[in-house]
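Asks: When the sequence shown is numbered by this note's numbering, its final residue is 191 and no position is left out of the sequence of numbers.
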Amino acid sequence: KNVAVDYPVFDTGTSAQGAATALDKALSSGEAVAAATSIFGTEMVAMMPVAEEYKVPLLTISGLSKITESGNPYIFRFLPNDREIKVAHARYVKEKLNLSKPALIGDTTAYGQGGFKLLQEYLAKLEIKPVFEDSSIAPDAKDMTPLLTKVKQSGPDSIVLHTVAAPLALTIKQARAPGRTLPTVPRASLS
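1. Under 7 Å, do P156 and P102 count as touching if we go by C-beta distance?
2. Checking the sheet assignment: what are the DSSP bridge partners for L161?
3. From T68, K142, K125, F132, pick the residue whose C-alpha is nearest to that of R91; which is it?
4. For the region 144–161 and the region 170–183, state whether three or more C-beta atom pairs, one from each stretch, are separated by less than 8 Å.
5. Using a 10 Å radius around the Cβ and a threshold of 16 neighbouring Cβ atoms, would you call T184 buried or exposed?
6. Going by the CB atoms, is the gap between E52 and Y74 shorter than 7 Å?
7. Please report the straight-line C-alpha distance between G112 and R187, rounded to a whole angstrom.
8. By the DSSP assignment, the beta strand (DSSP E) with T60 in it spans what residues?
9. Drop a sphere of 10 angstroms on the beta-carbon of A26, count the other beta-carbons inside from all chains shown, and report buried for 16 or more, exposed for fewer.
10. For R115, which residues of its own chain have a beta-carbon under 7 Å away from its beta-carbon, when the five flanking residues on both sides are left out?
11. Under the DSSP definition of a beta bridge, which residues are partnered with E52?
12. What residues in its chain sit with their C-beta under 7 Å from that of A19, if we drop five residues either side in the sequence?
13. Using DSSP with H/G/I as helix, E/B as strand and the rest coil, what is T21?
14. Report the three-state DSSP secondary structure of I39 (helix, strand or coil).
15. Comparing C-alpha positions only, which one of L58, E95, N72, L97 sits nearest to F78?
16. Let me check one thing: in DSSP terms, what residues is D134 bridge-paired to?
17. Can you tell me whether DSSP reads T149 as helix, strand or coil?
18. By DSSP, does T193 sit in helix, in strand, or in coil?
19. With a CB to CB cut of under 7 Å and the five nearest residues on each side skipped, what residues in its chain are close to V151?
Here's what the structure looks like:
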């Protein structure tokens, strides 16, 4: 039997308010059976009450652990959340790379803050104390030189990163510049 699927696209404008508005518009415009939604944690958090109001499942790959820990029965994730991923991230640092003095870097997004806190927790359980910690990186940062200078001065054996894509890529690129030799251990979704 042939089935036709209507899949209108609504732009979130990459903001939490825009995401909630877009989902409300999408769900109020017809009978939806589900909505494929944003990867961004802040957008997902904003859409959760809308999904609950309309009783429509949201499908996401967002890693923000808060999303599925909220008790909202309309959230379905297709990837492990940060709570599971960060255990593996921390264990990789200790068990596979045998590193013990990382510089831990996060960003100011909900994703960056959540993963950073989990890494702090899991590294501590593995008796690893970062020699440097910074979770104040802006997602639109253009130069990591000041950060990498502070990192180098702290004497780490590695840089452990949990940030969104742009600062992650920029940090790795600048950390591998001539004269810099620290290994970087990025979040799991870097490929």
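Using N, Cα and C, we set each Cβ at its ideal position, and we do this for glycine too.
Replies: Result, derived from the coordinates:
1. Within the sequence shown, residue 156 is the residue found at index 156, counting from 1. Within the sequence shown, residue 102 is the residue found at index 102, counting from 1. Yes, these two residues count as a Cβ contact at 7 Å.
2. Taking the sequence shown and counting its residues from 1, the one referred to as residue 161 is at position 161. According to DSSP, L161 bridges with I105.
3. Position 91 of the sequence shown, counting from 1, holds the residue named residue 91. Per the Cα distances, K125.
4. yes
5. Numbered from its first residue, the sequence shown carries residue 184 at position 184. Label assigned to T184: buried.
6. In the sequence shown, the residue the question calls residue 74 occupies position 74. In the sequence shown, the residue the question calls residue 52 occupies position 52. Contact flag set, yes.
7. Here residue 112 is taken as the residue at index 112 of the sequence shown, counted from 1. Here residue 187 is taken as the residue at index 187 of the sequence shown, counted from 1. Taking the straight line joining both Cα atoms gives about 10 Å.
8. One-based indexing of the sequence shown puts residue 60 at position 60. Start and end: 58–60.
9. If you number the sequence shown from 1, residue 26 lands on position 26. Per the 10 Å Cβ criterion, buried.
10. Within the sequence shown, residue 115 is the residue found at index 115, counting from 1. The residue asked about is misnamed: residue 115 is Gly in this sequence, not Arg. The residues are D82, K86, G106, H162, R187.
11. Counted from its first residue, the sequence shown places residue 52 at position 52. Beta-bridge pairing links E52 to no other residue.
12. By 1-based counting over the sequence shown, the position of residue 19 is 19. Excluding positions up to five away in sequence, the list reads T12, S38, E43, A46, M47.
13. Sequence index remark: in the sequence shown, residue 21 carries index 21 (1-based). Note: T21 maps to helix in three-state DSSP.
14. For the purposes of this step, residue 39 is taken as the residue at position 39 of the sequence shown. If DSSP states are grouped into helix, strand and coil, I39 belongs with coil.
15. Locating residue 78 in the sequence shown gives position 78, where the first residue counts as 1. Considering only alpha carbons, the answer is L58.
16. As a first step, residue 134 must be located in the sequence shown, where it is residue number 134. I105, per the DSSP bridge assignment.
17. Here residue 149 is taken as the residue at index 149 of the sequence shown, counted from 1. The answer is helix: DSSP assigns T149 an H, G or I state.
18. Here the chain has residues from 1 to 191 only, and residue 193 is not among them.
19. Position 151 of the sequence shown holds residue 151. Excluding positions up to five away in sequence, the list reads A103, F132, I159.
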